[in-house]
Structure formats: C-alpha cells, structure tokens
Amino acid sequence: MKLTSMTQRRVVAGAIGAGTVLFALFAGEPSGLLVAIAAICFCVGWKAGLAAIAAGSLLSAVIVPAYGAEDGAVRLVAFVVAAFGLWLVVNIFRRTSFFDRVYQGAGPGIADIPGLGWSANPDGRLRFLNPAALEYVGVTAEEMREIMDADDFSWWLRFVHPADVETSMAQWRHSLETGEPMIEEQRLRRFDGTYRWFRDTGVASRDEQGRIVGWFGHTEDIDDRRKAEAALRQSERELRLLVDTVPTMIWLMTPAGLPYYFNKRFVDWAGIDSAMVEPRGTRQFASHVELFHPDDRAAVKAVFQKSFARGEPLQHKGRLCRKDGQYRWIDSRFEPLRDEDGTIVRWYGVNFDIDDEVRAQESLRLADERLARALRAASLSELSVSIAHELNQPLQAVVANAGAFQRWLNADPPNFDHASRVAQKIIRNADAAAQVISRIRALFSKTEGDPHAIDLNAVIREVCDLLGDRIASSSVKLDLHLDPRLPATAADRVQMEQVVLNLVRNGIEAMQDVAISVRSLRIASRRQNDGTVEVEVRDRGRGLSNPERIFEAFYTTKPDGMGMGLAICRSIVEAHCGRLWAENVETGGASITFSLPINAADAAKTPTAAIVSAGVSAFRG
C-alpha cells in the first residue's frame, strides 16, 4: 500500500500503534509496544517517537508486574533500553537515508542544477531542494526536511507570496491531477524577507508503464525581466499617450506598407473605425487609399507602392477625406525603420494638415495677380504720361514755328528767308517727334539692331553731367575711378546710358538717411582678364537686406517705387551677354556691378526692346 499523504501516514501509524498496544495488553507482553514505537518513528517523526517511548514505558510498567517483581524490574529496564535503542536506530536510519538519497548519494549533477532546482513525490509532496534553492530561502537541509515532513503545503505557505499562494497551488493541483507540466510565475521569499519573481517549471517523470514516479522542476529568477517588462509597458503607455496627444496624425505600417496602427489624432480626424486598425492585408490598404480624393487615388497608390518596393522615404501631398466628408490637403511623409541587417521592420507615417496653408497660398497668388494687373495698369499709365511728355515738346515747337512761318509768309512783302529758316525748324521738330514715336515702337517690337562700339567711360561722364544738379543737391561726393585704357565695348549706347543712370540714381537715393559727411558715390571702370569690362557703382548707405531680390520685378524698398528699374537693367545687361550683381560692402554701403564682353562677336545682336522686356515678362506673369 502506498501512503500518499501525511494524513494517511498518521492514520496508519495510529492504527498500528493502537493494535500493538491492544495486543500487548491482551498477551501481557510489553515487547509488542516496540512495534507501535517503530511505526510512530517512521510515519510520524522522531519527536513523536520519544513521546511513544515514554508512553510505552508507562504501559510496560503496568504489564510487567504480572510477572515476578524481580523479573518485572529487569524486564521493564530491558524494555526501556530496547525502546530507546529502536528509536535511535530508526532516527539514524531516517537521517542517513535522507542525506544519502538526496544530498550525498544523488550523483554529481544535483548540486550543479542552474537556478533553483527541486523534486517532489508522485503525490506532490516536496522531497528535495538543491543547494542553490536552500541558500536562497535561507534554510538548511535538516530544516527543509522538517518543513517537508510537517504537511503537504508548508512550503507554499512559508515561502510563496501570500497573493500568489492560491493561484500557484491551484496550478500545482491541476498538474498532479492531469500529469501536465506545471508552468507558473510567482514571487518567492528570499532569506532576507524580500520577494522576487520566479518562473516555476515542473515536469513529471514516468516509469516504463507510464506511471508518474516523481516530479522534477526548475525555478528561474525572472524578477529583473519582470521589472524590465513592467518598465517597458509603462514606457509604451507613456509613448502611446504622447503619440495620441501630439497634434499630428501618426500611423504605422508593416514592411509591405500595410497600415496597422493610427494614433488617436488620426482616428478622430478621419473617423476611422477600430476595424481598420488591425492589419487585414490588401483590403485594408485599399480602404485607406479610398480616403483620398478620387482625382488623387491613382497617383497616391502609385507613389506608395513605388516607395515601399524600393524601401525609400516618401513625401507626398494629396487631398484626404475628413470624417465630415470634406477633402483637405495633407502633406504625408514616410520613413522606414530598419534592423541591424538593414531589413525594414516597420514604416512610420506622419500626416500634416496643410489645407489652410494651401488655401492661404492660393489666396496670396490671386492677390499677387490682382496686384500685378494693378501695377501693369499703373505702369502703362506712367508710360503714357512719359510718352505724352516726350511728344508734347516737339509738337508744341511745331505749332509755334508753324505760326511764325505763316506770319512771315503773310508779311508785306513776304519774308521768304525767315520763312525758310522757320520751315527748317518745323522739319527738325517733326523729325524729333517722329524719332520719339520710332523709339517707342522699337521698345515693343521684336526687331533687333546691330550693336556699336561705345566708350563706357564717356557714357559714365555724360550720365554724371546729366545728374550733376541731383548729386550736388543731395550733398554727395562723386569719386570717379575710370580706367583710361578701357577698351570699346559693343553695345547699345542708349540702353547703357539707362543702366548707368539707374544705378547712379539708386546710389544717391540709398544715402538719403546717412550723415552728409559720409555720403560718397564711387564709380569705377576696369578691364578684367576674362575678356570683359566692369562698371561698379558703390555707395555708403545702409546696405541691402537681400542683394539678390532687388533684381526681381516689382520688388522695391522705396515707398513710391515701382520695382522695375533694376529688373530692366538686368534684362538689358543679360541681353548684351553680360552679368549684373549686387553685394554689401564690409566698410558699409552696397556695390552694384555689371560686366560686358569686349568683343563685338561675343555680344550678339542686342534686342532694341530690352529696356522693357523685363516689365513685359512680369506683366505676363
């Protein structure tokens, strides 16, 4: 018969003890009590065996007087000695057997089990802990044997965390009933009273007939891992909270480009239901593409698939449907996350709602168009005034001279000499008006004229003479550094006069806000080794905030400026195969320089309409 629990062993020990006591009393032979003492020592324990010896000695004292008094005393002493000797042998046998079978005679691999190792009887009673486990819980082998002999569950109550006892014991009972492996995570008390998490794994050992003959287990310390996992879960919760609260739509995709996560901002913005969050393959991707505007879907699908196939980052703009049904412009950007081998493990996507920005840009574009039309109208009005002014003077001279011509002819006698001279003046006045008309027509025609060799130094001096009064009234000191050996340059003289005139006038105006003592305008001409000549106009003003933008059409820093002068100058210079640029000077002020090729062959035929070509281009947008 197999005794599978402490209770069964105690019941059997009690039955045997009671039976032998009755037999001793009936037969009058105290030696029968030794059987009860042995049963109690084996099945209950050595402490109970000492109590049994005392009780048996009292009973034997009752039984022995049936014999002679002398023989009774000797037999009583013999009984006590025999009982104590029996208890001693049983106790030594039990202790030696425990150490030999478990800690001394179990083979070299028991103490070397990594972690905390243990074994149990087929009924689940714990029978062995390896030295590492004994050291962890802080008990000796003898103390552990007493704990194992106490009852079936003293181990659980003493060393397992109270919150984990019920769950762990239920799992252990399930494994005992079914023979299935036990895998349980629980907290075990260390020798210092602290608890750490362990993974307890136990498997059954079976004989040839498949009967369970024991259980062997391994308890692994997973406390650091549990804490790391808890910290990771906390970090993930914090990251999820951060991702869900940032004012940006964020989503994740599989390596194949299939969306599987949308943050709360995206879900609330697009009204995506929870069914779309879990990956379901191509149908889900198609559902996502359906969110885009019908006119954008084909392009979106193409660029997405191309980017995912190549593993390249992507930036795309398209109209995405919001949950209220309105399509809004979205700037989408995707970036792959790769592992150490370069394999894509997931894609990160970020969507920015730029609809307000796009609409603002469109409104600005329309405003620019309206402004351009207004500027064109203003420019045409200004041009009309200039044309009227240019024509008014020669036409007035024609009218005046015609009246004089008529008076000399009507004189008595007619003065034909004076009339002839007045007629010559009328012809010159008419020619002047005709030249104005011709030059205006040339400005807007597409005909080209032949450039002529001109002296840029002479052009500079003529312009300075023309602006002499302006220079003097502005208290500007003029400093000319003209190369006397400057070669002639193939160019249109009138257009070059216009360029130099514009640069000098801008230089004068740039110094209106600086002290009179520093107002100085330096104009220099020089020959370069690359076959070009340069003309530089340098002022001592406050400099340029954006040296490149000043050549853009309609860009001006003057309250009443049109922003066309420098744009036209650049157009003229570039039409002569030259270059015009601006820069700030370290000592203060700004420098604007243009260069022209020396050889006539390098400067192709110069368009006569270059003066207004930049303006016309700007008008056409």
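Count along the sequence shown from 1, then add 1; that gives the number in my numbering.
Glycine included, C-beta positions come from ideal geometry on N, C-alpha and C.
Please read all numbers here as calculations on a predicted model, not as lab measurements.
Check: Per DSSP, what kind of secondary structure is Q529 in: helix, strand or coil?; Outcome: coil
Check: Would you give the residue range spanned by the beta strand (DSSP E) that S1 belongs to?; Outcome: Any answer about residue 1 is impossible in this case: the structure gives the chain only from 2 up to 622.
Check: Quick check: the Cα distance between T168 and D124, rounded to an integer number of angstroms?; Outcome: 19 angstroms
Check: Identify the residues that DSSP records as bridge partners of P598: which are they?; Outcome: T533
Check: Which residue comes first and which comes last in the alpha helix (DSSP H) that contains S169?; Outcome: P163 to T179
Check: Does the stretch 312-321 come within contact of the stretch 209-227, defined as at least 3 CB pairs closer than 8 angstroms?; Outcome: no
Check: For a quick check, are the C-beta atoms of Y349 and E341 less than 7 angstroms apart?; Outcome: no
Check: Counting Cβ pairs closer than 8 angstroms, one from the stretch 522-536 and one from the stretch 480-488, do we hit at least three?; Outcome: yes
Check: By how many angstroms is the C-alpha of S333 removed from the C-alpha of F263?; Outcome: 14 angstroms
Check: Measuring only the C-alpha atoms, how far is I223 from A133?; Outcome: 16 angstroms
Check: Could you say which of L242, V301, D296 and D432 lies nearest to G258 if we only look at CA atoms?; Outcome: V301
Check: Is DSSP giving F552 helix, strand or coil here?; Outcome: helix
Check: From this set, V586, W582 and A576, which residue's C-alpha is nearest N541's C-alpha?; Outcome: A small correction: the amino acid at residue 541 is Arg; Asn does not occupy that position in the sequence shown. Ranking the options by Cα distance to R541, first place goes to V586.
Check: Would you mind reading off the limits of the beta strand (DSSP E) that contains K318?; Outcome: L315 to C322
Check: What do you reckon, are the CB atoms on R227 and W198 nearer than 7 angstroms?; Outcome: yes
Check: Give the straight-line distance between the Cα atoms of A611 and M254, rounded to the nearest whole angstrom.; Outcome: Any reading at A611 needs caution, since the residue's pLDDT is 41, under 50, leaving its predicted position unreliable; the model's value is listed next. Those two C-alpha atoms are separated by around 57 angstroms.
Check: Please check the pair T588 and E535, which I expect to be a contact at CB under 8 angstroms, by giving their CB distance rounded to whole angstroms.; Outcome: Not quite, the Cβ-Cβ distance comes to about 19 angstroms (not below 8 angstroms), so this is no contact.
Check: For the stretch 228-238 and the stretch 144-164, state whether three or more C-beta atom pairs, one from each stretch, are separated by less than 8 angstroms.; Outcome: no
Check: Measuring straight from C-alpha to C-alpha, what distance separates R543 and P395?; Outcome: 42 angstroms
Check: Around the C-beta of H453, are 16 or more other C-beta atoms found within 10 angstroms, so that it is buried, or is it exposed?; Outcome: exposed
Check: Please work out which residues of its chain come closer than 8 angstroms, Cβ to Cβ, to S476, disregarding the five sequence neighbours upstream and downstream, and give them in chain order.; Outcome: I517 and R520
Check: What three-state label does DSSP hand A610 in the structure shown?; Outcome: Note that A610 scores 41 on pLDDT, short of 50, meaning its location in the model is unreliable and no value can be drawn from it.
Check: Count the other CB atoms, across all protein chains shown, that sit within 10 Å of the CB of G194; report buried if there are 16 or more and exposed otherwise.; Outcome: exposed
Check: Which residue marks the beginning of the alpha helix (DSSP H) containing L117, and which one marks its end?; Outcome: From DSSP, L117 is part of no alpha helix (DSSP H) but of the beta strand (DSSP E) over L117 to A121.
Check: What are the boundary residues of the alpha helix (DSSP H) that includes I455?; Outcome: Unbroken run through I455 is the beta strand (DSSP E), H453 to I455; no alpha helix (DSSP H).
Check: Quick check: what's the CA-CA separation for V290 versus G343?; Outcome: 28 angstroms
Check: Please state the DSSP three-state secondary structure of N264.; Outcome: coil
Check: What's the gap between the Cα of A1 and the Cα of R146?; Outcome: For residue 1 there is no data in the structure shown, the boundaries of the chain being 2 and 622.
Check: Specify the secondary structure class of R543 as computed by DSSP and reduced to three states.; Outcome: coil
Check: Near I438, what residues of its chain come up, given a Cβ to Cβ distance below 8 angstroms and the 5 sequence neighbours on each side ignored?; Outcome: L392
Check: Which one of G532, W119 and N131 has the shortest CA to CA distance from S206?; Outcome: W119
Check: What number of angstroms, rounded off, separates the C-alpha of I251 from the C-alpha of F267?; Outcome: 7 angstroms
Check: Per DSSP, what kind of secondary structure is A232 in: helix, strand or coil?; Outcome: helix
Check: Give every residue of the same chain whose Cβ lies closer than 6 angstroms to the Cβ of M497, excluding the five residues on either side of it in the sequence, and list them in chain order.; Outcome: V460
Check: Using CA coordinates, which residue listed in D296, I184 and I345 is at the minimum distance from S308?; Outcome: I345
Check: What did DSSP end up calling Q187 once you bin it into helix, strand or coil?; Outcome: strand
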